[in-house]
Amino acid sequence: MENVEKNYPSGISIERPAPGFRDSHDPDDLWDDSRVYINIGPTHPAMHGALRMAAKLNGETIEGSYCEFGYTHRAKEKLGENRTYHNFIVYTDRLNYCSALMNNVGYALAVEKLMGIDVPERCVWLRMICCELARVTDHLICVGINAVDLGAFSFFLYGFHQREEAYTLIEKLCGARLTTSYSRIGGMMQDAPDGFEKELKAWVNRTRKVIDEMDELLTTNKIWRNRTVGVSTFDKNMCLQYSFTGPNARAAGLDIDLRRDQPYLFYKNVEFDVPVARNGDVYDRYLVRIAEIRQSLNILAQCADKMKKGPIWSEDKRVRIPDKDVVYNTMEGMIYHFKFFMEGFAVPAGEAYTAIEATNGEMGFYIVSKGTPNSHRMRIRGPSVWHYQGLTPMVKGEKIADLVAALGSINIIAGELDR
Amino acid sequence: MTFTLRAPADIRTQISTHGADWLTKYGDLWKTQAARLKERFGEKIEEVRFPVDYPTDVPVVYVQKDAIVEVLRFARSESGFEYGFLADITATDELNEQSDWRFEVVYNLLSPTSFARIRFKVRVPENVEVPTAIDVWPGANWAEREVWDMFGVRFAGHPNLRRILMDERWEGHPLRKDYPLRGYQVFTEPTEIHPEAME
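From first to last, the protein sequence lines are chains S and H. Per the working numbering, residue 22 is the first one in the first sequence, and the count goes up by one each step. Per the working numbering, residue 48 is the first one in the second sequence, and the count goes up by one each step.
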């Protein structure tokens, strides 16, 4: 296990005055006991998406606040009950749109678990590549935007360039950049093109160098450390109480990583470390994310080595989408094609909660099936909801300017929050 | 509960756990935990459904409504259980079942030490309140608000049971099975700020 704190000893501590320090109880003091209510968002450059926060300020200090969301609510759970299992794949893209590939994989795993389907080896490796590629792009955008919010713009451009190159790779996989819809239930949309492994490894090597540069640029930067060390601390106990997962929990020392602890896909067959920090402040979340990008790049290189040629579709007749030449040239294939897309396939009755380690934490699909082509209940557990809930206790007693740092560091994605 | 099956019955219980076979890993643990729960709470545990016997991935423990907070607190801190992590609170609407209850409130828990999962369920009729789990996990706040918003299940003792995803003035609960798929509710006035929610 890698302890990131060891590499970057932190020595800065910032004293924060307690809330209510402006109460002088002096009758001549015009500002004694004055409080201001402000409204941040729903459309505000510092809010990541359509989020709203109402805060009670004492001077610059946040004394109380509450958060509201739902401005981009698209009724995904209701749609899940009224679309077939195959139709719902495109809606999972729009959950966490920074890592759409990973949501596709998580949803496919959830339905396959209900149906008892195992997919071929190459498909599993492809899915792991999807997950880790999505994790790198998501972390790059998270740390980049967090730095932009605090004024470090060039740092963001380093990461954004690599993210664009990653999107070119994703485009080669599935033809789309943002809304990928790459996974299918029981397989993948198509195989990776020839030479993809080689291009992936070249990208991994380039990105490693860029991560080193980004690390040198910001990690020991005095201004960055002054703005982030000790800011918006959320300790381990609070993380458990508020169900924090992923990098935000690991930054506080809550050592849970579903890739290691409840292995899915082939995470047992690759070597990686789970970075854990101690303090749970903005700086530690940044460190954990940077360390996780490095680990993900290692996993990607291992996947590219271990992936062999082979089939990508499960041969289960219920979910196998017929090939196009079969559809166009045989009667049975065409009938089957129309039955598959218009009627859908029935999933056996049952219920299952499937969670994967998404970029921000535990992403779960709780699906209840009654044996029909539509689910009875399609519950999506997005980590952002629980992290956004923790924002109010996290910023209590902080300065209003640090709210921006805190919000960027826990990486709230509105698509996943509102569903 | 009866299931209308269109898939062949022999694949009904084949819930694979992709890579990690939870049943061999946690089967014995779950059995002892179910026995201890029944011994400790007796009548308050209505039913325990195990994987393979029932098509589910982890055991489903049906708890009486009034005992749910007690059972959750027990499962959170008791040695041998240690389900310290609340993964999710949600509900399902069983409108078409012939029964004297309508909603199932679902608690998905994870143990940060053994990494086993378990599921608790409470069955409630319409217009009956469920005790809130905020005392056990403060993070249950928003999840319970969402259950109220989407299903109309109220939580007794919840400090701030407002709607969360829909507008505050919204009528109806969208994830109920008898809620229409199309329709509009238009609000032109902005909502008020809630100073009481900031305390």
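Cβ coordinates follow ideal geometry from the N, Cα and C atoms, glycine included.
Helix, strand or coil at residue i according to DSSP, with G and I counted as helix
i	result
A426/S	helix
T51/H	Reliability of the predicted coordinates at T51/H is poor, the pLDDT of 38 falling under 50, and no value is obtained from them.
P206/H	coil
F176/S	helix
K338/S	coil
P343/S	coil
T351/S	coil
N60/S	strand
V105/H	coil
N226/S	helix
A71/S	coil
A96/S	coil
Supposed contact pair residue j and residue i - C-beta distance, whole angstroms, cut 8 Å
i	j	result
L212/H	G382/S	In fact, because the Cβ distance is near 20 Å, the residues do not count as touching under 8 Å.
D212/S	I333/S	5 Å
E151/H	R164/H	Rounded, the Cβ-Cβ distance is 17 Å, inconsistent with contact.
G274/S	R299/S	5 Å
V126/S	R95/S	Not a contact, Cβ separation roughly 21 Å.
R400/S	T137/H	5 Å
A376/S	G385/S	4 Å
R156/S	S204/S	Contact doesn't hold; Cβ gap of about 15 Å is too wide.
C324/S	V291/S	7 Å
V340/S	I433/S	About 34 Å separates the two Cβ atoms, so there is no contact after all.
C151/S	M123/S	6 Å
Exposure of residue i, with buried meaning 16 or more beta-carbon neighbours within 10 Å
i	result
M363/S	exposed
H205/H	buried
Q232/H	exposed
P66/S	exposed
F359/S	exposed
Q145/H	exposed
N188/H	buried
R280/S	buried
Below-8 Å beta-carbon distance, residue i vs any chain H residue
i	result
E372/S	yes
R205/S	no
D302/S	no
Q283/S	yes
A39/S	Bear in mind that the predicted position of A39/S carries a pLDDT of just 47, short of 50, making it unreliable; the figure below should be weighed with that in mind. It does not: the Cβ of A39/S has no partner Cβ on chain H nearer than 8 Å.
I277/S	yes
R400/S	yes
H160/S	no
A427/S	no
H397/S	yes
D423/S	no
H107/S	no
H94/S	yes
D439/S	yes
Interface partners of residue i on chain S, CB under 7 Å
i	result
L228/H	N103
F132/H	L261 and S264
W189/H	V406 and Q410
Residue i at chain S interface by Cβ criterion, 8 Å
i	result
N174/H	no
I211/H	yes
G204/H	no
F159/H	Before going on, a small fix: residue 159/H reads as Pro here, not Phe. Yes - at least one Cβ of chain S is within 8 Å of the one on P159/H.
L208/H	no
D68/H	no
L142/H	no
A122/H	no
H65/H	Bear in mind that a pLDDT of 46 at H65/H, under 50, signals an unreliable position, so the number given afterwards is only what the model happens to contain. Yes, H65/H lies at the interface with chain S (some Cβ there is under 8 Å from its Cβ).
L222/H	yes
A114/H	no
R164/H	yes
T139/H	yes
A244/H	yes
T235/H	no
8 Å Cβ cut-off: residues of chain S touching residue i
i	result
F167/H	None at all; the shortest Cβ gap to chain S is about 12 Å.
H241/H	A75 and Y87
Cross-chain neighbours of residue i in chain H, by beta carbon under 8 Å
i	result
N60/S	I240
R299/S	Under the 8 Å cutoff, chain H gives no residues; its nearest Cβ is about 17 Å from R299/S.
A435/S	Within chain H, no residue comes near A435/S; the closest Cβ sits about 12 Å away, beyond 8 Å.
Within chain H, the residues that residue i reaches when beta carbons sit closer than 7 Å
i	result
V111/S	Those within 7 Å of V111/S in chain H number zero; the least Cβ separation is about 18 Å.
G91/S	I211, L212 and M213
Under 9 Å from the C-beta of residue i: neighbouring residues of chain H
i	result
G385/S	A134, D135 and N155
K99/S	M197, P221, L222, Y226 and L228
Where residue i meets chain S, residues with beta-carbon distance less than 9 Å
i	result
W184/H	L261, Q262, Y263 and S264
P102/H	L135, P369, A370, G371, E372, A373 and S390
Cutoff 8 Å: residue i Cβ touching any chain A Cβ
i	result
A376/S	Judged by its chain identifiers, the structure shown contains no chain A, and its protein chains are S and H.
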